[in-house]
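Reading through the structure tokens given below for one structure.
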Amino acid sequence: MTEFAAVIPIVIVVLSALAAMLAEAFRQRGERMPIAGLGLIGLGGAAVASAFLWNADARAFGVVRADNFALFINIVLCTIGIVTMLFSDELVDREQLPPGEYYALTLFGISGMMLMAAATDLLVIFLALEVLSLSVYVLTGIRRPSAAGAEAAFKYFLLGAFSSAFFLYGVAFAFAVAGSTRLDQIGMALSAQGTGDPNILALLAVGLLAVGFAFKVSAVPFHMWTPDAYEGAPTVVTAFMSTAVKAAAFAAFVRVFLSPLEPLQEQWIPVLSLVAAATMILGTVVGVVQSNIKRMLAYSSIAHAGYLMLGIIATTSNGKAAVLFYLLAYAVSNLGALGIVALLGTPQNQHDELRDFSGLASARPGLAALMSLFLLSLGGFPPTAGFIGKWYIFAAAVERGHYWLAILGVLTSVVSVYFYLRIVVMMYMTEGVELSRPRVPATAMAGLALVTAAVVYLGVLPTAIINLALASIDTIF
Amino acid sequence: MLSLIVFLPLMGALLVLLAGGRGERPDREPLVRNLALLASLATFAAALVLWWRFDPSVASYQFEQRYDWIPAFGISYHVGVDGISLLLVVLTAFLTPLALLSSWDSVHKNVPLFSIFVLALETAMLGVFVAVDLFLFYVFWDAMLIPMYFLIGVWGYERRVYAAVKFILYTMAGSVLMLIAIIGLAYARAEASGVPSFDLPDLYGLQLAPHVETWFFLAFAVAFAIKVPLFPFHTWLPDAHVEAPTAGSIILAGVLLKMGTYGLLRFAFPLFPAAALFFAPYLAALAVVGIIYGALVAMVQPDLKKLVAYSSVSHLGFVVLGLAAMNVQGVQGSIYQMLNHGVSTGGLFMIVGMLSDRRHTRLISEFGGLKSVTPRLVAAFLLITLSSIALPGLNGFVGEFLILIGSFRWDARLTAFAAIGVILSAVYMLWMFQRVNFGPLTNEKNRHLPDLTPREWALMVPTVAMAVVMGVVPGVFLRPMEPSVALIIERVTGGQPQRVLAPASVDPHSAPPARQASVPLQREVPAVQP
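Chains as they are written, first to last, in the working numbering: chain P, 32 to 508; chain H, 642 to 1171.
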């Protein structure tokens, strides 16, 4: 029975997803059911279960390990999920999305992400990857009448399927090297070989796994799907997938690269450095010329993937803790920003063009102020979560002597400030357009209050979370 | 005590937020304005109390407060004032109520938000001056950009958005490199003594590899040089100044620019003394170029605000020159000049604001013969103009004189060029004054301009009084800073009695010029404090 302890949070989320499907089956046509509430219960339960498992280092079936690292990611994912549920409650009706499918897929996706963070076997990671990917592909295209949504989902699916194949191929090579797909066994096999002359099979495994992860975290040159998918998906789904998928993918990225593949770091650090540099540059430079906010934030999320990779390249415990902290800081800021875009949209007008934001400060001063806060956090201004996150990541890079990457990071974040400020300019310094903007329901207000509190809390008093992150990484070296 | 002063304006901002009400509430405007003014006046009063209780014989930090913030990295909330920051705190607290008062009649768009940003800006500025922890300093330094950005962008003149974005990107581009240097410094300290620390006292005297010290110094110096602004990093300044609303210009010129010179003095020079001594002549040369260039460009400006903006480039050049000299007179003169420039340029911007409120133009050619129409305004204008061109008996003289003495002891050639700037500043200021106020009244629109209103009296009286007091009894201001200045000079020059201009060909690190002593007693012995 103790075998199950490690998977309890995942099981709770799966149960709530099943409940959402059941509820849909019993729903009368046109009846409004609080299915989001089921999700909230499930995610809250999973968060509580994760808190109880803290420091227990529970393992299940030899392939799932609910160590503090996985639990930290669980809590990040639950936060993202809860905020998404709070936003969705009204939006699902407004956008006429099928509620049962929507909530069930979101929750199944989260369960896959949790499994991905906790898995210690490459094949289980692959399974989790597929669970979360399939959910997100469908969510991308869930607005059935929308051609853009269908196109986005199709592109995302096709490219995602390719990346999964790459990943699986990498798993095969890793099995060829180590005779096992367990992370600890791969690690032992690689360290036994020593660092002198690495096996070509091992290098292939590393390369192909890196490609798979790079796809999921949208690192250059595997980022092409990101802007299309983010733009075509309903905005609330964009908010969810830009934060949750990134958190899960980076969790597995860190776990795979920073323990079993660490003996090969001489080989992969230069490659990942190059990828990170290209990702930061492309994300910010291309972001500058976007006029659609969802595309802009898609490129910004590419750039943030680049910053996050600096934490992996640093390979130190501060690097890993910085990735965890940054994931949380990025998640709350990005959820807030995209959440506001979503809440202002209607089926007729997505409210995602830059000009839609003109004059928002006089029409909706509160929302404009919050939007500015989230954008400034994404841009890395103190006293917000984004500043501490960036500082921590760059400090980790500097600690290992990666001065050039850190300098590139800060300079690209200045460029990114330019495009975040374009939205602020629109809201505060441009004459308003007449737009009928829907009112923001109370549940969504609660979600916004939650992320706002998190952005300010992480920015002003980051110590508790930094210590938590530092306490979460012992088990992965 | 100190934290109270720093966060008092922010509390005022919260009150304003509550008082502002939802939506556009013109009926709440007077309440909001008075509340904001009250908060800034309370801060000023608290700053005066601080000055009263300050012990001028102590060189190190006073009123220190220290709480752990991110202990894993040796980051703490550590604030304190010494003689240098004390005066800058008082200056900031002095100018903010004036800035709020100056926009009483000219800002009508979203007054609560305007007041909130001015007060938030005050908190950030005070924070910059009192921060003893480098991380804390950077947080305030960067946080300050946001309210200023909004002040320029929302309440500025025609090209405000361009100016605001240029301001924020330009300053940020400089300061992010400083962030990397700050992090590097903390890790260098970790290598030396086990744990990283961002606390300034821990970082002074850290032995760095020569090339590392050079890079770190450059990262700091560029960040501060952009803020000063030192030629050739000055191009953001005219745009920001011209487009900012009057309150923004007053704060920008009065306080923000001083952060650059303050940063050089507090951080860049004492943290990296060898590199600082090597680069000081170059900084001084750029400063002198800035003095003359700023003055020449100011001379030909048709726009009053632009003229004052370029005069700032020139005046701040003097400050950097005095700092580069790194002797008692030079540094004291520099700090004095920072205060002067805050008062006199702040005053000039207030007057330009009054003129542009009346005529909605800032072109010099639109004015002329104002002395018969608005004699009182012109009288105040004259006093502030004279203070800006450093007439003896007014504040500007003390600062410039000390700087020139200090830099003459160090390098007579540079000083000779800088002295040309003194003459040029008289030329452009007096010529501008003549064209605006003397001669026949050529423009009919000027015939019925009102003279000073009571509110404007309230602006002018403290400013002019401050200019006179600082000119007549400079000792009041110089005495408290003396020990702190001596301590910093001691840190930079390493207690060496003299420092000579390093020949450009000599590698500073293989043979530090401070220790060469080839030209004895070119500089006077600084009074070394225990």
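For every residue, glycine included, the Cβ atom is placed at its ideal position computed from N, Cα and C. Predicted model, so just to flag it, every value in this text is computed and none were measured.
Classification of residue i by the beta-carbon crowding that lies within 10 angstroms, buried from 16 upward
{"i": "H/Glu-1041", "result": "buried"}
{"i": "P/Ser-249", "result": "buried"}
{"i": "H/Ser-698", "result": "exposed"}
{"i": "H/Gly-1034", "result": "exposed"}
{"i": "H/Val-759", "result": "buried"}
{"i": "P/Met-255", "result": "exposed"}
{"i": "P/Leu-153", "result": "buried"}
{"i": "P/Ala-473", "result": "exposed"}
{"i": "H/Asn-675", "result": "exposed"}
{"i": "H/Pro-788", "result": "buried"}
{"i": "P/Trp-435", "result": "exposed"}
{"i": "H/Leu-645", "result": "exposed"}
{"i": "H/Phe-865", "result": "buried"}
Test: residue i CB closer than 8 Å to a CB of chain P
{"i": "H/Val-806", "result": "yes"}
{"i": "H/Arg-1140", "result": "Unreliable placement is indicated for H/Arg-1140, whose pLDDT of 47 sits below 50; the coordinate value is still reported in the next sentence. Taking Cβ atoms only, chain P never reaches closer than 8 Å to H/Arg-1140, which makes this a no."}
{"i": "H/Ala-609", "result": "Absent from the structure is residue 609 of chain H, since the part of chain H shown begins at 642 and ends at 1171."}
{"i": "H/Ala-1152", "result": "For H/Ala-1152, the predicted model reports a pLDDT of 40, less than 50, meaning its position is unreliable; a value from the coordinates is still stated below. With 8 Å as the cut-off, H/Ala-1152 does not count as an interface residue toward chain P."}
{"i": "H/Ile-1064", "result": "no"}
{"i": "H/Gly-1010", "result": "no"}
{"i": "H/Tyr-708", "result": "no"}
{"i": "H/Asp-843", "result": "no"}
{"i": "H/Arg-999", "result": "no"}
{"i": "H/Leu-818", "result": "yes"}
{"i": "H/Ala-1189", "result": "Since the first and last residues shown for chain H are 642 and 1171, residue 1189 of chain H lies out of range."}
Residue i at chain H interface by Cβ criterion, 8 Å
{"i": "P/Thr-494", "result": "yes"}
{"i": "P/Ala-426", "result": "yes"}
{"i": "P/Ser-509", "result": "Residue coverage of chain P in this structure runs from 32 to 508, which leaves residue 509 of chain P outside it and unanswerable."}
{"i": "P/Ala-51", "result": "no"}
{"i": "P/Phe-185", "result": "no"}
{"i": "P/Tyr-357", "result": "no"}
{"i": "P/Phe-405", "result": "no"}
{"i": "P/Asn-498", "result": "yes"}
{"i": "P/Ile-438", "result": "yes"}
{"i": "P/Leu-401", "result": "no"}
{"i": "P/Glu-430", "result": "yes"}
Extent of the continuous beta strand (DSSP E) to which residue i belongs
{"i": "P/Arg-96", "result": "95-97"}
{"i": "P/Ala-91", "result": "89-91"}
Paired residues, beta bridge with residue i - DSSP
{"i": "H/Tyr-718", "result": "H/Tyr-708"}
{"i": "H/Leu-1004", "result": "H/Asp-944"}
{"i": "P/Ala-150", "result": "P/Val-95"}
{"i": "H/Ala-772", "result": "H/Val-720"}
{"i": "H/Gln-703", "result": "H/Val-722"}
{"i": "P/Glu-384", "result": "P/Asn-323"}
{"i": "P/Arg-213", "result": "P/Asp-152"}
Start and end residues, alpha helix (DSSP H) containing residue i
{"i": "P/Gly-73", "result": "66-84"}
{"i": "P/Arg-395", "result": "Unbroken run through P/Arg-395: none, as it is neither H nor E."}
{"i": "P/Ala-250", "result": "Premise fails: P/Ala-250 is in no alpha helix (DSSP H) and is neither H nor E."}
{"i": "H/Leu-649", "result": "643-661"}
{"i": "H/Phe-1042", "result": "1036-1051"}
{"i": "H/Ile-892", "result": "887-892"}
{"i": "H/Val-748", "result": "From DSSP, H/Val-748 is part of no alpha helix (DSSP H); its letter is neither H nor E."}
{"i": "H/Val-1110", "result": "1095-1113"}
{"i": "H/Ile-1025", "result": "1016-1029"}
{"i": "H/Val-896", "result": "Taken as a continuous stretch (DSSP letters only), H/Val-896 belongs to no alpha helix (DSSP H), as it is neither H nor E."}
{"i": "P/Gly-61", "result": "First-last for P/Gly-61: undefined, no H or E at that position."}
{"i": "H/Pro-1124", "result": "1116-1134"}
{"i": "P/Glu-262", "result": "256-263"}
{"i": "H/Pro-671", "result": "670-694"}
Discussion item. Just to confirm the assignment: which complete alpha helix (DSSP H) runs, minimum length 4, are found wholly within the stretch 797-880 of chain H?
Written reply: 801-834, 841-844, 851-868
Discussion item. Which runs of the beta strand (DSSP E) at least 3 residues long sit entirely within the stretch 296-381 of chain P? Give them in chain order.
Written reply: none
Item to complete: Can you check the stretch 418-499 of chain P for any alpha helix (DSSP H) of at least 4 residues that lies completely inside it and give the ranges in chain order?
Response: 434-460, 473-491
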